[in-house]
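Protein chains in written order, with the numbering used here: chain A, 1 to 266; chain B, 1001 to 1254; chain C, 2001 to 2270. For glycine and all other residues, C-beta sits at the position ideal for the given N, C-alpha and C.
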Amino acid sequence: MTIAPRVPFALRSLAILVAIAAIWEGAKALFALPSYQLPHLHEIALDFLREGAGGERWVWIMAQNAGYTALESLIGFALGGVTGLVLAVTFAQSRWLERGLLPYVVASQTVPILAIAPMVVVWLGTSWFSKAVIAAYLTFFPVTVNMSRGLRAVDPDALALMRALSASSRQIFFKLRFPASLPYLFTALRISATASVIGAIVGELPVGSRFGMGVVIVNAAQYYNWRPANLWAAILVSAVIGIVFYRAVAVVERRVVGWSRVVPAV
Amino acid sequence: MTYLREYGPAALVLVAGLLAWEAVVYLFSIEFYLLPAPHVIVQSLRDTYPVLVEAGLYTFTEAVVGWALGCGGGILAAMAASRSPAFAGLVLPYAVASASVPIIALAPLAIVWFGVEQGSKIAIVVLMTFFPTFVSTVRGLLSVAPQSLELMESYAASEQQIFLKLRLPQSLPMMFTALRACATLAMIGAVVSEFFGGPVKSLGVYIKSTASLFQTRQAWSAILVACALGLLFYFAVALVERLVMPWHFERRER
Amino acid sequence: MGAPIIELADIAKTFESRAGATEALRAVSLTVQAGEFVSIIGPSGCGKSSLLRIVGDLVEPTSGVARVSGKSARQARLDRDYGIVFQTPVLYEWRTVLDNVQLPLELAGRARGEREQRSHALLRLVGLDEFAGHHPWQLSGGMQQRVSIARALALNPSILLMDEPFGALDEMTRERLNQELLQVCAETAATVLFVTHSIAEAVFLSTRIVVMSPRPGRIERVVTVDLPRPRVDETRALPRFFELVTEVRQSLREDPGVAADLRPGGAGSP
């Protein structure tokens, strides 16, 4: 479904950004929105150059906190990914275990897992660890479910061929099941990329955390009346982290499973 | 007999899990504020029932209203976008990209704009549910097999007829998949945006405050309520899906 | 002998793609009289499906003129003068069998009572009326194709365009459906343009067979099938049947592209 015009993505993005900027300032002028509700774009930009309490410029403070959140997300993502993979492979080997545990894994996707975030912080303390664990928790569910599906969805004819070639179980796994399930894995990883960032940020919300974008957002919200642009800037930075993560996974995906027909438009 | 084989292991795991939980708490004398035993949670549930029901309904309302507005808007926008495939192709990558933005970070802003009551949470839920629904529905509407289109052309069907008799019914499965996923997103969005600030009589604030005060049994019972409501919402949408598309459900493999 | 119902004059079709231009059809001219059953047979890629779609105004020829029922192909399509059957049944899974057959009648704005009556009649014609309330996936491949044929006849078209309709079915089902198709055609007096891969099928069904050359597709030969009508099972055993099959096969083999690989021993083609 590649019906997009032939204009390159970069140019289109630029055009969209310009359009957004125009709508932003236009709306501000048209509805006479005060800076309190919708600051000027340049006010947000200037906020990055402002000096914080400790004398550092905000762009540096944001960068540090962003790095913190990104690290928590990354660790959680890696942990969750590996756990999910191991679980999926285990399920593939034991139908009994699968029937016993998979319903819960699937059902848990339908519950507000993040509601548990405050509990996790209670258990594991307010250091980076609890955030990484939350991120890992959000990551391993989609990975488990999707990988299980992928490992099961192998073409029966392909399996028959392997058996006709007298391939061992191990060979069948590494040469057929695993490569065939990679597209499913990456679909899950893209979801998890965003989920782990959200998990890290939400993990920073409960009282006691000192670093990370979640903390910055909460503080900026507290002092909003004095410096509205600060909150917008913090949200912008959080969005950028999410986008960077997602695109990184998408790029790796294209490299690894570019052959798959399951690769979506973006 | 097949029921036993299908659901037996899961039921067994549930019972075993609960028993193990109780055993672990007892054997290791885990402090109540770290991990309450299941029966303690159930007790707390009974004790704080009225508070939880009120908070639960408050938050659930945000989820449902936000879901209805967000998904409804997404479907309408998708129908409009499908009329012009060029436009859809232009907007779609950005709609998909929005999935990579932690929308929840916008919760404080929503509070600034819409106040600390339900309005701000509904706004967040709308944002969270709009884009996935939009993307799925557009894909469903535009991914029609060429031969099905040729068939319609051979009958000289008008664009409107093609839309009503082919694209729309064909897109229903994808649309409902998104609606189900958004049902769960809605509840999550409502609860978590309350973490950023909200009235005391909401689930999110209740969970956060009781947890920070180490009143963990109350926090857990509230979490349980949130989970139950999330599941309820999901199955309600799944039920509607089954009623609207009886043919699809019979066809789907387990 | 009235005016021909299908007239193709010097049809050519070239497909443009990023990989370059592909010439699918070159200088194809053909006339079909009403009531004929014309099969188009040829190797893969010879453009037979494109030719069929040009007649149906689903593909535009790069040059040349296609006239159907005395009008332009486009007008014929807009007037719903033909019914089309594809290799896959293309039935809508959200509609029952009856509703699938009703589709063209709905699109043409017929009244409900008339639609249902006609749809039941069509299903009786193909012997599937008892499955009217079923859904497509509950039927076998052969049955689904019969439904798709019933649908193609819904608006009583004078022409039937069929693109390898029985290609995905097994030999026995195919032979049975061939017979049924002929009976249906006899009752509706439709003209049929039939694309196929199977020589035996083409000889059994047709009054004339158009043999096409490999890409770019041109008409290699037109074989007139003078077997007695109505065709029955025994027709397949007639010596004349074998002669015609051989004649068609030779025509196909005479094309340099096809012959060399298939001939045992490979004496090399002229």
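Proximal chain A residues relative to residue i, where beta-carbon distance stays under 7 angstroms
i, result
"Met1174 of chain B", "Per Cβ cutoff of 7 angstroms: no residues; Met1174 of chain B is ~13 angstroms from chain A at best."
"Met1187 of chain B", "Pro112"
Presumed contact (8 angstroms Cβ cut-off) between residue i and residue j, rounded CB distance
i, j, result
"Ala117 of chain A", "Val216 of chain A", "With 8 angstroms as the limit, Ala117 of chain A and Val216 of chain A do not qualify as a contact, their Cβ atoms being about 17 angstroms apart."
"Ile1111 of chain B", "Ser1120 of chain B", "5 angstroms"
"Ala21 of chain A", "Leu49 of chain A", "Between Leu49 of chain A and Ala21 of chain A the Cβ distance is about 19 angstroms, and since that is not below 8 angstroms, they are no contact."
"Leu270 of chain A", "Val1192 of chain B", "Because residue 270 of chain A is not part of the residues shown, which for chain A are 1 to 266, the question remains open."
Where residue i meets chain A, residues with beta-carbon distance less than 8 angstroms
i, result
"Glu1006 of chain B", "Arg99"
C-beta neighbour in chain A for residue i, strict 9 angstroms
i, result
"Tyr1058 of chain B", "no"
"Met1152 of chain B", "no"
"Tyr1026 of chain B", "no"
"Tyr1049 of chain B", "no"
"Tyr1234 of chain B", "yes"
"Cys1227 of chain B", "yes"
Contact set between residue i and chain C, taken where Cβ atoms lie within less than 7 angstroms
i, result
"Gln1160 of chain B", "Those within 7 angstroms of Gln1160 of chain B in chain C number zero; the least Cβ separation is about 11 angstroms."
Residue i - DSSP class collapsed to helix/strand/coil
i, result
"Met1943 of chain C", "Outside the shown range of chain C, which is 2001 to 2270, sits residue 1943 of chain C, and nothing can be said about it."
"Leu2182 of chain C", "helix"
"Glu1117 of chain B", "coil"
"Arg57 of chain A", "strand"
"Phe2042 of chain C", "Here residue 2042 of chain C turns out to be Gly, not Phe, going by the sequence shown. Reduced to three states, the DSSP call for Gly2042 of chain C is coil."
"Pro1009 of chain B", "helix"
"Phe2015 of chain C", "strand"
"Met1245 of chain B", "coil"
"Glu2243 of chain C", "helix"
"Leu2286 of chain C", "Residue 2286 of chain C lies beyond the residue range present for chain C, which begins at 2001 and ends at 2270; the question has no answer from this structure."
"Phe2166 of chain C", "coil"
"Ile1030 of chain B", "coil"
"Asp2010 of chain C", "strand"
"Thr1048 of chain B", "coil"
"Val2192 of chain C", "strand"
"Thr83 of chain A", "helix"
"Thr2031 of chain C", "strand"
"Glu2106 of chain C", "helix"
"Thr2340 of chain C", "This structure cannot settle anything about residue 2340 of chain C, because the visible part of chain C is limited to 2001 through 2270."
"Phe2086 of chain C", "coil"
"Phe1233 of chain B", "helix"
Test: residue i CB closer than 9 angstroms to a CB of chain B
i, result
"Asp2057 of chain C", "yes"
"Ala2150 of chain C", "no"
"Phe2086 of chain C", "yes"
"Val251 of chain A", "no"
"Ala239 of chain A", "yes"
"Glu2114 of chain C", "no"
"Met1 of chain A", "Because Met1 of chain A sits at a pLDDT of 40, beneath the cut-off of 50, its placement in the model cannot be relied upon, and the following sentence gives the value as read from the coordinates. By this cut-off, Met1 of chain A is an interface position."
"Phe245 of chain A", "yes"
"Arg2095 of chain C", "yes"
"His2135 of chain C", "yes"
Partners in chain B for residue i, counting only beta-carbon separations shorter than 9 angstroms
i, result
"Ile201 of chain A", "Pro1102, Ile1104, Ala1105"
"Glu88 of chain A", "The amino acid occupying residue 88 of chain A in the given sequence is Ala; Glu does not appear at that position. Ordered by position in chain B, no residue passes the 9 angstroms Cβ test against Ala88 of chain A, which lies about 17 angstroms from the chain."
Min CB distance residue i to chain E below 9 angstroms
i, result
"Thr83 of chain A", "Within the model displayed, chain E is absent; protein chains A, B and C are what it includes."
Where residue i meets chain B, residues with beta-carbon distance less than 7 angstroms
i, result
"Ala132 of chain A", "Residues of chain B passing the Cβ test: none, with the nearest at roughly 16 angstroms."
"Leu2107 of chain C", "Tyr1155, Ala1157, Gln1161"
"Met62 of chain A", "Ordered by position in chain B, no residue passes the 7 angstroms Cβ test against Met62 of chain A, which lies about 13 angstroms from the chain."
"Pro2104 of chain C", "Tyr1155"
"Arg2249 of chain C", "Within chain B, no residue comes near Arg2249 of chain C; the closest Cβ sits about 30 angstroms away, beyond 7 angstroms."
Residue-level contact to chain C via CB, residue i, 9 angstroms cutoff
i, result
"Met1245 of chain B", "yes"
"Lys1208 of chain B", "no"
"Ala1238 of chain B", "no"
"Gln1218 of chain B", "no"
"Leu1166 of chain B", "yes"
Cross-chain neighbours of residue i in chain C, by beta carbon under 8 angstroms
i, result
"Ala1178 of chain B", "Going along chain C, no residue has its Cβ under 8 angstroms from Ala1178 of chain B, so there is no contact; the nearest lies around 18 angstroms."
"Gln1043 of chain B", "Under the 8 angstroms cutoff, chain C gives no residues; its nearest Cβ is about 50 angstroms from Gln1043 of chain B."
"Ser1148 of chain B", "Val2090, Tyr2092"
Evaluate the contact criterion for the region 2140 to 2151 of chain C versus the region 2164 to 2183 of chain C: three or more CB pairs, one atom per stretch, below 8 angstroms.
Yes: the two stretches touch, three or more of their Cβ pairs being nearer than 8 angstroms.
Spell out a yes or no on whether the region 2037 to 2054 of chain C and the region 1230 to 1249 of chain B are touching, meaning 3 or more CB-CB pairs, one atom from each, closer than 8 angstroms.
When Cβ pairs closer than 8 angstroms are counted between the two stretches, the region 2037 to 2054 of chain C is seen not to touch the region 1230 to 1249 of chain B, the count staying below three.
Stretch-stretch touch, CB-based, cutoff 8 angstroms, three pairs: the region 1101 to 1116 of chain B with the region 1138 to 1150 of chain B
By the C-beta criterion, the region 1101 to 1116 of chain B is judged not to be in contact with the region 1138 to 1150 of chain B, since fewer than 3 inter-stretch pairs fall below 8 angstroms.
Can we say the region 64 to 80 of chain A touches the region 193 to 201 of chain A, given the rule of at least three CB pairs closer than 8 angstroms?
Result yes; three or more Cβ-Cβ pairs closer than 8 angstroms.
Does the pairing of the region 102 to 121 of chain A with the region 175 to 183 of chain A give three or more beta-carbon distances under 8 angstroms?
In the pairwise beta carbon analysis, the region 102 to 121 of chain A is classified as not touching the region 175 to 183 of chain A: fewer than three pairs are separated by under 8 angstroms.
With three or more beta-carbon pairs closer than 8 angstroms as the criterion, would you say the region 1204 to 1222 of chain B touches the region 1157 to 1171 of chain B?
The answer is no - the region 1157 to 1171 of chain B does not touch the region 1204 to 1222 of chain B, with fewer than three Cβ pairs under 8 angstroms.
Any contact between the region 217 to 227 of chain A and the region 139 to 149 of chain A? By contact I mean 3 or more CB pairs, one from each, below 8 angstroms.
No, they do not touch.
Is it a yes or a no for the region 2159 to 2176 of chain C touching the region 2074 to 2089 of chain C, going by three-plus beta-carbon pairs under 8 angstroms?
With the cut-off at 8 angstroms, the region 2159 to 2176 of chain C and the region 2074 to 2089 of chain C touch.
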